[in-house]
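Below is one structure, written out as structure tokens; comments come after it.
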Amino acid sequence: MLHENGEIRQSYDWDYLIQAERVHRCVYTDAKIFQQEMIRIFGGTWVYLAHESEIPNPNDFKTSNLGHRPIIIVRDRQDKIRALFNRCTHRGATVCRETRGCAKTFTCPYHGWTYSNTGKLTGVPWAKAYAADLHRPEFDLGQIPWVESYRGFIFGTLNSQAPDLITYLGRAKDLLDQWIDRFPNAQITVQSSAHKMIYQGNWKFTYDNAADGYHVAFSHRSLLAVANRLEPDKDMQYFAHNPDEGPMYVQYLGHGHMFIDQRPSYEKRDGAFWQQQRPQPGREAYEAKIREKWGDRAPFWLDLSIGSQMNLSIFPNLLIVGNQIEVIEPLAVDRTQLTIYATTISGLPDEVNVLRMRSQEDFPSFGIPDDMMNFAECHRGLSIPEIEWVAMNRGFGISDRHHVDEDGVITGPVTDELAIRGYHQEWKRLMKADFKLTAQTVEHD
15 MLHENGEIRQ SYDWDYLIQA ERVHRCVYTD AKIFQQEMIR IFGGTWVYLA
65 HESEIPNPND FKTSNLGHRP IIIVRDRQDK IRALFNRCTH RGATVCRETR
115 GCAKTFTCPY HGWTYSNTGK LTGVPWAKAY AADLHRPEFD LGQIPWVESY
165 RGFIFGTLNS QAPDLITYLG RAKDLLDQWI DRFPNAQITV QSSAHKMIYQ
215 GNWKFTYDNA ADGYHVAFSH RSLLAVANRL EPDKDMQYFA HNPDEGPMYV
265 QYLGHGHMFI DQRPSYEKRD GAFWQQQRPQ PGREAYEAKI REKWGDRAPF
315 WLDLSIGSQM NLSIFPNLLI VGNQIEVIEP LAVDRTQLTI YATTISGLPD
365 EVNVLRMRSQ EDFPSFGIPD DMMNFAECHR GLSIPEIEWV AMNRGFGISD
415 RHHVDEDGVI TGPVTDELAI RGYHQEWKRL MKADFKLTAQ TVEHD
């Protein structure tokens, strides 16, 4: 049947499919479930859209997607950030076909209908042939009704019942603050030339993996060996034996958000992050420049040139990994794009920002391909219908492995699957929830 949100609803027993310590394979492989996810998950909760530094000036825009809804994220001429549906109200064609730019208006290439960057229909060729009043709001571009920004990170939702953004972020907000405030007077710039990678598998494999400390020593064995990162004085030394005995930890933060903290594995002194990290291209030459220029202050700047050692996942599609921003973009039930944005910090020495860029090249080039091969092979394995369940039971039922604080945040050893279990419960809640998703036009601002 056609649901009020425009989705074709098929009845599923969500409590059966998502259990306390296991998930049914069809959650990853069923195309009809995927169709519902694109409406209910990527619409029913706050979804990351863009960073303000990507549209810094009035009339700047970029195109993206909210689930499978094409959108234009634009800073309009009054400096208001909007997320317009990139769909002509005439015959449904994509209006803007550029990835980014600066424009006061958008003109549909099909029949020439023109819209202001507020979404208002402003021009129709040979309009006298229309008996209808084209000034009605239904002919303006639809847009996401609730768009909010937190410290440069822009989110949107179609759900009037969703909590405000700060409430939704919860404890993830504090960790995002830590990531930003690591830099003095930080002004983060997201670089426009993103690194895009596609794998043949469901989008949730990426989100699962973002809080999976269990795979590191095995999936990334060759990278860890090449970079000598398992040596006693390096950052991944604890993965050489039993990482659960080390100081790193994983957390489930609520609302589907997850966190892995690698920072406790570093010594508490200036320069430790730099010395315990992996090699980077040009490392020695730029280190020499920084030490010559900054003297005793050089260890501080060198520490800021490498990753934050924070893996923060904001459900459903935003990953903060090291110094970079990663965005999960579901393309089909068995096809996902991961877009990786490098970041620089205004006010840092040029040499530090160059090293930041170099450090953001290595793991996407050498580590993420390891992960994507695993995701594709997991999806292939889940095609076997007779083997129904995906186990997520590491640490389950062992109470002394976990600590729950007064806010309900659950903390456990870095290899525990507690965060993955937690976000699947949030996924189930959204898939079961009874809410109405709405769009609006410029007349309803």
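Heads up: the sequence shown begins at 15 in our numbering, then just goes up one per residue.
For every residue, glycine included, the Cβ atom is placed at its ideal position computed from N, Cα and C.
DSSP bridge partner residues for residue i (one or two, in chain order)
i	result
Asn-325	Ile-274, Val-335
Ile-168	Ala-64, Ser-163
Phe-99	Ile-85
Asp-74	Cys-116
Gln-454	Gln-157
Ser-130	Thr-119
Asn-388	None; Asn-388 has no bridge partner.
Ala-512	No statement about residue 512 is possible, as the shown extent of the chain runs from 15 to 459 and does not include it.
Glu-340	Leu-333, Ile-354
Gly-137	Thr-128
Collapsed DSSP secondary structure at residue i in the structure displayed
i	result
Gln-351	strand
Pro-151	helix
Pro-84	strand
Val-264	strand
Val-109	coil
His-393	helix
Ile-359	strand
Tyr-42	helix
Glu-281	coil
Val-37	strand
Asn-79	strand
Thr-220	helix
Asp-29	helix
Ile-212	strand
Asn-256	coil
Gly-58	helix
Ile-320	coil
Ala-92	Inspection of the sequence shows that residue 92 is occupied by Gln rather than by Ala. Residue state, collapsed to three classes: coil.
Ser-207	coil
Ile-69	coil
Asp-364	helix
Ala-239	helix
Asp-226	coil
Ala-143	helix
heavy atom of the ligand NAP below 7 Å from residue i C-beta
i	result
Ala-224	Inclusion of the ligand NAP in the displayed structure is not the case, the ligand content being empty and no account of it being possible.
Close beta carbons around residue i, own chain, < 6 Å, minus the five adjacent residues each side
i	result
Val-88	Phe-75, Arg-96, Asn-131
Asp-298	A small correction: the amino acid at residue 298 is Glu; Asp does not occupy that position in the sequence shown. Hits under 6 Å: none found.
Ala-286	Tyr-280
Leu-31	His-38, Val-41
Pro-330	Ile-55
Thr-425	Tyr-263, Gln-265, His-417
Arg-443	none
Arg-277	Gln-323
Tyr-129	Phe-120, Leu-135, Leu-155
Same chain, Cβ closer than 8 Å to residue i, neighbours up to 5 away in sequence not counted
i	result
Tyr-124	Cys-102, His-104, Arg-105, Ala-107
Ser-373	Gln-291, Gln-294, Ser-319, Ile-320, Gly-321, Gly-336, Asn-337
Gly-422	Gly-268
Tyr-164	Leu-179, Ile-180, Leu-183, Lys-187, Leu-190
Asn-73	Val-88, Arg-89, Asp-90, Arg-91, Cys-116, Ala-117, Lys-118, Asn-131
Gly-57	Asn-19, Leu-80, Gly-81, Arg-83, Thr-171, Leu-172, Asn-173, Leu-451
His-255	none
Contacting residues, own chain, Cβ-Cβ under 7 Å from residue i (five flanking each side not counted)
i	result
Asn-79	Ile-85, Glu-343
Lys-446	Trp-28
Cys-392	Gly-215, Phe-219
Met-460	With the chain covering only 15 through 459, there is no way to say anything about residue 460.
Thr-429	Gly-227, Tyr-228, Pro-257, Asp-258, Arg-408
Ala-141	Leu-148
Asp-348	Gln-214, Gly-215, Asn-216, His-393
Gly-381	His-234, Leu-237
Leu-326	Ala-186, Leu-189, Leu-190, Trp-193, Phe-273, Ile-334
Gly-166	His-65, Glu-66, Ser-67, Ile-202
Phe-449	Gly-58, Asn-173, Gln-175
Val-341	Tyr-62, Asn-331, Leu-332, Thr-353
Could you check whether the segment 443–454 touches the segment 156–166, counting it as contact only if at least three pairs of C-beta atoms, one from each stretch, sit closer than 8 Å? With the cut-off at 8 Å, the segment 443–454 and the segment 156–166 touch.
Do the segment 360–374 and the segment 302–315 touch if we need at least three Cβ pairs shorter than 8 Å? The segment 360–374 makes contact with the segment 302–315, as at least three CB pairs between them are under 8 Å.
Using 8 Å as the cut-off, can you tell me whether the segment 214–226 makes contact with the segment 433–444, which would need three or more C-beta pairs spanning the two stretches below that distance? Result yes; three or more Cβ-Cβ pairs closer than 8 Å.
Three or more C-beta pairs below 8 Å linking the segment 34–52 and the segment 61–70: Fewer than three beta-carbon pairs drawn from the segment 34–52 and the segment 61–70 are found closer than 8 Å, and the two stretches are therefore not classed as touching.
Inspect the CB distances between the segment 183–191 and the segment 201–218 and report whether three or more fall short of 8 Å. Result no; under three Cβ-Cβ pairs closer than 8 Å.
Entirely enclosed beta strand (DSSP E) segments - the segment 394–458, minimum 3 residues: Counting only runs of 3 or more, we get 403–405, 424–427.
The segment 29–40 touching the segment 403–417, judged by at least three CB pairs closer than 8 Å: Under the three-pair Cβ rule at 8 Å, the segment 29–40 counts as touching the segment 403–417.
Quick check on the DSSP output: what are the complete alpha helix (DSSP H) runs of length 4 or more inside the segment 169–205, in order along the chain? Fully enclosed alpha helix (DSSP H) runs of 4 or longer: 179–183, 185–195.
Could I get the ranges of all uninterrupted alpha helix (DSSP H) runs contained in the segment 285–310, with 4 residues as the minimum, in chain order? Within the segment 285–310, the complete alpha helix (DSSP H) segments of 4 residues or longer fall at 286–290, 297–308, listed in chain order.
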